[in-house]
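A.B. asks: Let me begin by handing over the structure; questions about it come next.
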Amino acid sequence: MSNARFMSSRRRFLVGSALAAGCALVPGLGSAVWAAGSDAPEKPQVRVGFIPLTDCAPVVMAALKGFDKKYGISLQPSKEASWAAVRDKLASGELDAAHALYGMIYGLHLGIAGKQQAMANLMTLNNNGQAITLSSQLRAQGVHDGNSLQKRVAASEPGTLRFAHTFPTGTHAMWLYYWLASVGIDPFRDLRLLVVPPPQMVMNMKIGNMSGFCVGEPWNQRAIHEQVGYTAVTSQQVWPDHPEKILATRAQWVNEHPNTARALTAAVLDAARWIDASDDNRRETARAIAGRAYLNTQPEAITGRMLGQYQDGLGRSWQDEHGMQFFRDGEVNFPWLSDGMWFLTQLQRWGLLKQQPDYQAVARAINRTDVYRQAASAVGNIPVPQSEMRRSTLIDGRVWDGSNPAAWATDFAIKRRGVPV
């Protein structure tokens, strides 16, 4: 979606938002109204799970900076050990909501990532900021990019090289598969695939358990710092401004706690806007989330890439125009239907779905644009797009706009058919 179109939507939103509460443009007043009387949150304490990754920042900062109190709730961040643990605790109700993998929630909703359960995506937490790391051993063998990796794979017996992602239907699996296929590597035929929790990636590469992995930060930067790997490609090179983590919960939870869902979304959205407001806010965020209770790492491992300052471990440095973003005038956070539909196309491509789904119907059921619009109104001055679809060009030159998902899902030379889960 072009910036001009989004800003036009912003102007339309600012006019229309006055209808929501008659006070959304008055700082602080809108949220006070939402948190009072019959609109008060049904659940004053909200337990939100997170994995120690840089992109948990909006959830953590919503609690640390007091944005939660502004909307009448107390947000309790809960550090989890793996995405499987997040999935299980969301499904059981032990967590009210979570910083979650986009594709994991879609997989759970469809019953291919665990026992089927209707899920909800309240907002997108960030765009960009993941990467694929290759081992120093591959570097020593002359592998420095996708093409040289393809030659190395072609010269090896299938399954010789082991590559890891974080969850079978998650974003990291999809970025890894998409990039590998774009350079002619079939991830299921040519490699051995592993599932490893993010904090365990670097150690497993260090002891030789894998040749490559896809994960979020700070673990790619940590691999460079510890001289065990280098960045072969960033996720934003695969898809500029791609959707990444989301604020997820169960559909039943939203139905039972509609005011709380709105308040939670508003608090995290307000925090996302604050993080992106300045580099100083990003630095403060990096220092906060580096603490033992969150990522348990040095702030320096977070700050550089959070500011878009990249170096790949091969001698190249750059300022990334598509670095990790948390707000970008609200364009990051809107739960675009086309984003969810894209993950469905990849689940179909890689044989995780036995038949073509009703792409838009599934995305509309999960991506709660209604709750997001209410939250944006509560926060105030948050633009909301007119369309629920956006247009993107990926690394292989393919254009994705959600207009023909069934054809898009099947029009790949490298794909996998009908594999039971």
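As numbered in mature numbering (1 follows the signal peptide of the UniProt record, and there is no 0), residues -35 to -1, 1 to 386 make up the sequence shown, in order.
Yeah, the Cβ is synthetic: ideal placement off N, Cα and C, and Gly gets one too.
Since residue 237 and residue 299 should fall inside the 8 Å C-beta cutoff, what is the C-beta to C-beta distance between them, to a whole number of angstroms?
C.D. replies: The residue given as residue 237 occupies position 272 in the sequence shown. The residue given as residue 299 occupies position 334 in the sequence shown. Wrong, their Cβ atoms sit about 12 Å apart, outside the cutoff.
A.B. asks: Provide the residue(s) that pair with residue 196 in DSSP beta bridges, ordered along the chain.
C.D. replies: Looking up residue 196 in the sequence shown gives position 231. Answer by DSSP bridge pairing, in chain order: 98.
A.B. asks: Classify residue 95 as buried or exposed, calling it buried when 16 or more other Cβ atoms lie within 10 Å of its own Cβ.
C.D. replies: By one-based count along the sequence shown, residue 95 stands at place 130. So residue 95 ends up on the buried side.
A.B. asks: Identify whether residue 88 lies in helix, strand or coil by the three-state DSSP scheme.
C.D. replies: Reading the sequence shown from its first residue, position 123 is the one you call residue 88. Residue state, collapsed to three classes: strand.
A.B. asks: Within 10 Å of its beta-carbon, does residue 367 have 16 or more other beta-carbons around it, so buried, or fewer, so exposed?
C.D. replies: To locate residue 367, count along the sequence shown from 1; it is residue 402. Buried is the call here.
A.B. asks: Does DSSP put residue 74 in a helix, a strand or coil?
C.D. replies: In the sequence shown, counting from the first residue as 1, residue 74 sits at position 109. Note: residue 74 maps to helix in three-state DSSP.
A.B. asks: With a threshold of 16 other CB atoms inside 10 Å of the CB of residue 33, please say whether the residue is buried or exposed.
C.D. replies: Counting from one through the sequence shown, the residue named residue 33 turns up at place 68. Buried, since its Cβ has 16 or more Cβ neighbours within 10 Å.
A.B. asks: Run through the stretch 237 to 292 for me and flag every whole beta strand (DSSP E) of 3 or more residues, listed as ranges in chain order.
C.D. replies: Segments of the beta strand (DSSP E) lying fully in the stretch 237 to 292: 274 to 276, 282 to 284.
A.B. asks: In the DSSP assignment, find the unbroken beta strand (DSSP E) run with residue 42 in it and report its ends.
C.D. replies: Start at 1 with the first residue of the sequence shown, and residue 42 comes out as number 77. Residues 39 to 44.
A.B. asks: Buried or exposed: residue 358, going by 16 or more other Cβ atoms within 10 Å of its Cβ?
C.D. replies: The sequence position of residue 358 within the sequence shown is 393, counting from 1. So residue 358 counts as exposed.
A.B. asks: Determine the burial state of residue 80: buried for a count of at least 16 other Cβ atoms within 10 Å of its Cβ, exposed for fewer.
C.D. replies: Locating residue 80 in the sequence shown gives position 115, where the first residue counts as 1. Flag for residue 80 reads exposed.
A.B. asks: Going by DSSP, name the residue or residues bridged to residue 357.
C.D. replies: Position 392 of the sequence shown, counting from 1, holds the residue named residue 357. Residue 357 pairs with 365.
A.B. asks: By Cβ distance, which residues of its chain are closer than 8 Å to residue 41, with the 5 residues on each side in sequence left out?
C.D. replies: If you number the sequence shown from 1, residue 41 lands on position 76. If we look at residue 41 and ignore the five residues flanking it on each side, its Cβ neighbours are 10, 11, 12, 13, 28.
A.B. asks: Among 231, 180, 327, 6, which one has its Cα closest to the Cα of residue 346?
C.D. replies: Taking the first residue of the sequence shown as 1, we reach residue 346 at position 381. When each option's Cα is compared against that of residue 346, the closest is 231.
A.B. asks: Alpha carbons only, please: which of 274, 202, 167 is nearest the one belonging to residue 187?
C.D. replies: Indexing the sequence shown from 1 puts residue 187 at position 222. Nearest option by C-alpha distance: 167.
A.B. asks: What are the boundary residues of the beta strand (DSSP E) that includes residue 65?
C.D. replies: Counting from 1 along the sequence shown, the entry for residue 65 is found at position 100. Segment 62 to 66, the beta strand (DSSP E) holding residue 65.
A.B. asks: Report the option in 48, 381, 148, 289 whose CA atom is closest to the CA atom of residue 130.
C.D. replies: For the purposes of this step, residue 130 is taken as the residue at position 165 of the sequence shown. The option with the nearest alpha carbon to residue 130 is 48.
A.B. asks: Going by C-alpha to C-alpha distance, which of 8, 138, 88, 258 sits closest to residue 181?
C.D. replies: The residue you call residue 181 lines up with position 216 of the sequence shown. Closest option to residue 181, Cα to Cα, is 138.
A.B. asks: How should residue 221 be labelled, buried or exposed, when 16 other C-beta atoms within 10 angstroms of its C-beta is the threshold for buried?
C.D. replies: Locating residue 221 in the sequence shown gives position 256, where the first residue counts as 1. Its Cβ having fewer than 16 others within 10 Å, residue 221 is exposed.
A.B. asks: Roughly how many angstroms lie between the CA atoms of residue 284 and residue 294, to the nearest whole one?
C.D. replies: Indexing the sequence shown from 1 puts residue 284 at position 319. Indexing the sequence shown from 1 puts residue 294 at position 329. One C-alpha to the other measures close to 21 Å.
A.B. asks: For the stretch 110 to 127 and the stretch 141 to 148, state whether three or more C-beta atom pairs, one from each stretch, are separated by less than 8 Å.
C.D. replies: A contact exists between the stretch 110 to 127 and the stretch 141 to 148.
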